[in-house]
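Step one of this worksheet: look at the structure below.
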Amino acid sequence: MKKVIIVGASSGIGRDLAIEMSKRGYELGLTARRLEMLQEVAKDCPSKTYVKTMDMEKHDEARILLGDLIEEMGGVDIIVYNAGIGESSGKWVKENQVHQVNAVGFAAIANYAFKYFKDNKIKGQIVGISSIAGVRGSRHVIGYSATKAFMSTYMAGQRHKSIAEKLGITVTDIRPGFVETPMTKGQKGMFWVQPADKAARQIADAIEAKKKVVYITRRWWLIALFTKLTPEYFWNRF
Ligand SMILES: NC(=O)c1ccc[n+]([C@@H]2O[C@H](COP(=O)([O-])OP(=O)(O)OC[C@H]3O[C@@H](n4cnc5c(N)ncnc54)[C@H](OP(=O)(O)O)[C@@H]3O)[C@@H](O)[C@H]2O)c1
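So, in structure tokens, the structure goes:
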């Protein structure tokens, strides 16, 4: 039975992905800060599930805890980094939290995962839940979109290294559009909003298909294309 760790599994996409992967027969390791919520998620998972509290603003401690969790589980095949926060006020203290969780936290876990798979000669998989927001910088969510671009570029680098060194480590960049979760509750101006369980099914499909880059839901590739191709003059008017 394959084993997967999901970092940031207490709510939203991470929660539904945990339940989906569990239904597909994966053994799970779930982490986040809110232990009670993790325990609730574990109750909804039919397969064997481990939970561990982990704060992704405490990067070094999180890496140690990840190692402990891997040991408790007797190894891992797939590590998903889903933890993330958003904010649009532009206030530094809040924006810096976004940087610490979404970007530095991701790098702390992805770096650990890559070394773990390489050292143990495991053809494992690293999965990062980035965002459509990472495709191009946006005045509405400056720090957030920058962290998501960081994730995508970091994963591209890891994929490059895996291929060049023939390590067989798969790196999957998941780029969701709008998904109905606590993060987006009450947010205005959204469109093509999808329920989290549908997003989770498509993410699980992409993981099993070992995709490199995937938009969730699928039609968001159109928005990605539009975002990339829109000339600066028009983009700056949004
Ligand atoms: N919803 C969307 O429309 C959308 C679109 C594109 C990308 N995304 C990305 O998808 C991911 C999941 O978002 P969501 O919408 O499902 O939001 P959510 O329901 O708010 O879930 C966020 C998850 O991240 C965890 N987290 C936050 N800060 C953390 C910290 N300091 N340490 C450890 N875990 C932390 C939360 O757990 P605790 O609070 O319990 O620690 C929770 O499990 C995020 O990376 C987000 O950027 C979402």
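According to the numbering used here, the residues represented by the sequence shown are -3 to 234, in order.
Note that beta-carbon positions come from the ideal geometry of N, C-alpha and C, so glycine has one too.
Note that the coordinates shown come from a computational prediction; the quantities given were computed from them, not determined experimentally.
Please work out which residues of its chain come closer than 7 Å, Cβ to Cβ, to residue i, disregarding the five sequence neighbours upstream and downstream, and give them in chain order.
i: V131; result: A220, T223 and K224
i: S43; result: S18, G21, Y22, E23 and L24
i: E16; result: A196, R197 and A200
i: H136; result: S84
i: K119; result: G164 and I165
What three-state label does DSSP hand residue i in the structure shown?
i: Q190; result: strand
i: I74; result: strand
i: E240; result: For the chain, the structure presents residues -3 to 234; residue 240 sits outside this window and is missing.
i: R30; result: coil
i: K48; result: strand
i: K184; result: coil
i: R59; result: helix
Whose C-beta lies closer than 8 Å to the C-beta of residue i among residues of the same chain, with five residues either side of it excluded?
i: K206; result: Q121, T166 and T168
Please classify residue i: is it buried, with 16 or more other beta-carbons within 10 angstroms of its beta-carbon, or exposed?
i: A160; result: exposed
i: M246; result: No answer is possible for residue 246: the residues shown for the chain start at -3 and end at 234.
i: N78; result: buried
i: P172; result: buried
i: I9; result: buried
i: N232; result: exposed
i: K48; result: buried
i: Y116; result: One detail in the question is off: residue 116 reads as Asn in this sequence, not Tyr. Under this definition N116 is an exposed residue.
i: G70; result: exposed
What residues in its chain sit with their C-beta under 6 Å from that of residue i, if we drop five residues either side in the sequence?
i: S158; result: I165
i: D40; result: I15
i: L62; result: Y108
i: E91; result: G139
i: W216; result: I128 and G173
> For the segment 84 to 146, which segments carrying the alpha helix (DSSP H) assignment without a break, of at least 4 residues, lie completely within its bounds, in sequence order?
Replying inline: 88 to 94 and 101 to 115
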